[in-house]
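Going by the working numbering, the first sequence opens with residue 1, and the numbers climb by one from there. Note that beta-carbon positions come from the ideal geometry of N, C-alpha and C, so glycine has one too. It should be emphasised that the depicted structure is a prediction, and the values quoted were computed from it without experimental measurement.
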Amino acid sequence: MSEHQQTETNESTVDQTSEKLVELAKRRGYFFQSSGSYGSVGGFYTFGPQGAALKGNVEDAWRDRFALAEGNMEIDAPTIMPEPVFEASGHLEGFDDMLIECPECGTSSRADHLVEDNTMYEDAESLEIPEVEEVIAEYELVCPDCGAGLAGVAVEDFNLMFATNIGPGDSQPGYLRPETAQGIFVEFPRLKEYARNQLPFGVTQIGRAYRNEISPRRSIIRTREFTQAELEYFIDPEEDEPDLSAVEDVEVTLYPATEQNDEDGDEIETTIGEAVDNDVIASPWVAYFLGVAKPWYEAVGVDMDRFRFRQHLSGERAHYASDCWDAESEIDGNWIEMAGFAYRGDYDLSKHSEHSGDRFTVFKQYDEPKTVERATVDPDMSYLGPEFGGDAGAVVEELEALAARDRAAFEGETVEFELEGETHEIPVEKTGFAVEEQTESGEHIIPHVVEPSFGVDRLVYTVLHHAYQEDEVDGEERTYLELEPEVAPTFVGVFPLQSDDALETQAGEIVDDLREAGLSVTYDDSGNIGRRYRRQDEVGTPFCVTIDYETVEADETTVTVRERDTTDQKRIPVDELAETLSAIREGDLEFEEL
RNA sequence: GCGCGGAUGGUCUAGUGGUAGGACCUGAGCCUUCCAAGCUCAUGGCCCGGGUUCAAAUCCCGGUCCGCGCACCA
1 MSEHQQTETN ESTVDQTSEK LVELAKRRGY FFQSSGSYGS VGGFYTFGPQ
51 GAALKGNVED AWRDRFALAE GNMEIDAPTI MPEPVFEASG HLEGFDDMLI
101 ECPECGTSSR ADHLVEDNTM YEDAESLEIP EVEEVIAEYE LVCPDCGAGL
151 AGVAVEDFNL MFATNIGPGD SQPGYLRPET AQGIFVEFPR LKEYARNQLP
201 FGVTQIGRAY RNEISPRRSI IRTREFTQAE LEYFIDPEED EPDLSAVEDV
251 EVTLYPATEQ NDEDGDEIET TIGEAVDNDV IASPWVAYFL GVAKPWYEAV
301 GVDMDRFRFR QHLSGERAHY ASDCWDAESE IDGNWIEMAG FAYRGDYDLS
351 KHSEHSGDRF TVFKQYDEPK TVERATVDPD MSYLGPEFGG DAGAVVEELE
401 ALAARDRAAF EGETVEFELE GETHEIPVEK TGFAVEEQTE SGEHIIPHVV
451 EPSFGVDRLV YTVLHHAYQE DEVDGEERTY LELEPEVAPT FVGVFPLQSD
501 DALETQAGEI VDDLREAGLS VTYDDSGNIG RRYRRQDEVG TPFCVTIDYE
551 TVEADETTVT VRERDTTDQK RIPVDELAET LSAIREGDLE FEEL
């Protein structure tokens, strides 16, 4: 967390909210640390019954908006992939740093760089860690920051990927994916077929990713296993434009890099359309997805007063991203990253293309076929074969390359070319050299990628934190979660007013009806009615239905429906109950309208 | 990974070198005609491993985990 992400807030009150939320989450089944019976390990959390349902609802909402509503394809790739995938993606090298921390001042340095800069060793990265430690001791290397001696200080290997072996033995190393994105990129050659080779198209994936964090912190904000919802949107950089008209009026709070670098800088309130016109957001594609994301975040329950988009500073951006914005929410006075929107260019597909040898391109047809002159060769193999033996194939490749780059070489009686450092000369007539007119109907291009990448766990945490409320009802303190009906894990509680066979029987029938209507229902007949309301308030259940004597005795049977936030009650006929509640769940009806 | 602080039923907590008490929760029952009411009973705990000691939940060491700061976050 860097300094510009901090804001001044009253810590004593905000800390209480977080502590209370974590306590509530444990007690009410939202989330808790895993494997507690075995002492737990850091950074692993289990979502309990409520948490799993909430997370599932958030994922469904994401799927509706970013896959279905956008016409994108969803896939589900493995979490373990073989080593070459991560060689290509750059994760293997990027993760494998040797770090040494100064015991005096705490500064971390690249141990291999330290050795290379101060000794005769030129490729320290190839040394094993004990060797590097020996060299540091031998040369009495010191901390570059404060000058303290580093001899005897342990060198740490920082690879944030979890390694494993695929199959028996260690001949096939693999890694748990550190981001879901690679599972999409590696399958691009097939995915583009499913898109009928038409750009633009998008592929989404919701799944787990794994990073062996040095220091997991702050409950589910930073864990070692977490859920991402990612969209990789593939575009033709020269032709494809987003439909900004759909999002241009969306109001956003932006915190551009220029404002962050300015001492007096501040967040700016604007619209997506204006931000693009004024070049605040460089990529219209990134702007488009910011415009889609903002109302979506609001719909699942993020408090828009504690939400912003922050541009990455130039030093903060990954090497492949030309522009990157984060969606951030404020928790305890700190801004936490909930999503990143990056323009990744052709970095990923190019890398996989190079490393795999497969084609990570899309054929782009020209409007009009082009006619081009092209120099070609069609060598006489009955001559080259006897002449060059096993090298004949290489000769053909060399002649093809030569024809493409220097057709003048073929203008004489003979042509000269080099093969493995030796110059050869053969008659041009044996090469089948010709300049022909060819028709090209298109070209293979590497699409660019726009990547909205969401952290589901951090979003769930934010939704819970922003939903946490305390108030008073009839002089009694109350805690409740103001969760949106769309994502609330339990939608309705059903209670008989008191212990009574008639009430309980009727309540049971209503539970069945509501479940049949597809609602998440909980039944509770314990203790008095007030306690049951409070219990549901605390898990964030938006509505409670109570069956009383009017329900079982009156001619027209009705129940009371109580709304969580206001505790207001209305009487609803039993036979309209399922329909009414379903309409509220779908957002087609408000409780106030009843 | 380093530094500081911490770890007692499901949750929150009191406590002492002689194996623990409360509150809430939960369950059973009574009572109860709409917001954590009352009464009775019940379930359930000293993070793990070593050491010191007649005796360790308590003291010491190590580990695990949590919080905060530093570092890290491709």
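Could you please give me the residues that DSSP links to residue i through a beta bridge?
| i | result |
| --- | --- |
| residue 370 | 440 |
| residue 205 | 230 |
| residue 415 | 426 |
| residue 321 | BP columns for residue 321 are empty, so no partner. |
| residue 335 | 330 |
| residue 341 | 325, 452 |
| residue 163 | 175 |
| residue 496 | 547 |
| residue 31 | 47 |
| residue 149 | 142 |
| residue 363 | 444 |
| residue 573 | 558 |
| residue 471 | 478 |
| residue 252 | 270 |
Answer with buried or exposed for residue i, where buried requires no fewer than 16 other C-beta atoms within 10 angstroms of its C-beta.
| i | result |
| --- | --- |
| residue 24 | buried |
| residue 466 | buried |
| residue 172 | exposed |
| residue 185 | buried |
| residue 493 | buried |
| residue 12 | In this prediction, residue 12 has a pLDDT of 37, which is less than 50 and means its spatial position is unreliable; nothing more can be read from the coordinates. |
| residue 548 | buried |
| residue 453 | buried |
| residue 68 | exposed |
| residue 435 | exposed |
| residue 153 | buried |
| residue 551 | buried |
| residue 180 | buried |
| residue 363 | exposed |
| residue 441 | exposed |
| residue 217 | exposed |
Express the C-alpha separation of residue j and residue i in angstroms, rounding to a whole number.
| i | j | result |
| --- | --- | --- |
| residue 20 | residue 82 | 42 Å |
| residue 266 | residue 277 | 20 Å |
| residue 327 | residue 307 | 7 Å |
| residue 392 | residue 382 | 10 Å |
| residue 222 | residue 43 | 7 Å |
| residue 360 | residue 101 | 41 Å |
| residue 458 | residue 398 | 55 Å |
| residue 395 | residue 261 | 58 Å |
| residue 358 | residue 582 | 50 Å |
| residue 470 | residue 564 | 12 Å |
| residue 51 | residue 28 | 9 Å |
| residue 531 | residue 226 | 35 Å |
| residue 178 | residue 370 | 44 Å |
| residue 522 | residue 570 | 19 Å |
| residue 455 | residue 165 | 27 Å |
Could you round the C-beta distance between residue i and residue j to whole angstroms and report it? I think they count as a contact, below 8 Å.
| i | j | result |
| --- | --- | --- |
| residue 235 | residue 285 | 7 Å |
| residue 545 | residue 557 | About 12 Å separates the two Cβ atoms, so there is no contact after all. |
| residue 176 | residue 210 | 4 Å |
| residue 478 | residue 515 | Contact flag wrong, Cβ pair sits at about 28 Å. |
| residue 59 | residue 229 | 7 Å |
| residue 258 | residue 269 | That belief does not hold up - the Cβ atoms of residue 258 and residue 269 are roughly 16 Å apart, past 8 Å. |
| residue 244 | residue 288 | 6 Å |
| residue 510 | residue 577 | 7 Å |
Which of the three DSSP states is assigned to residue i in this structure?
| i | result |
| --- | --- |
| residue 540 | coil |
| residue 510 | helix |
| residue 375 | strand |
| residue 81 | strand |
| residue 434 | strand |
| residue 194 | helix |
| residue 155 | strand |
| residue 563 | strand |
| residue 247 | coil |
| residue 491 | coil |
| residue 121 | coil |
| residue 222 | strand |
| residue 19 | helix |
| residue 235 | strand |
| residue 519 | coil |
| residue 583 | helix |
Measuring from the CB of residue i, is there a heavy atom of the ligand ADP at a distance below 7 Å?
| i | result |
| --- | --- |
| residue 155 | This structure simply doesn't include the ligand ADP, nor any ligand for that matter. |
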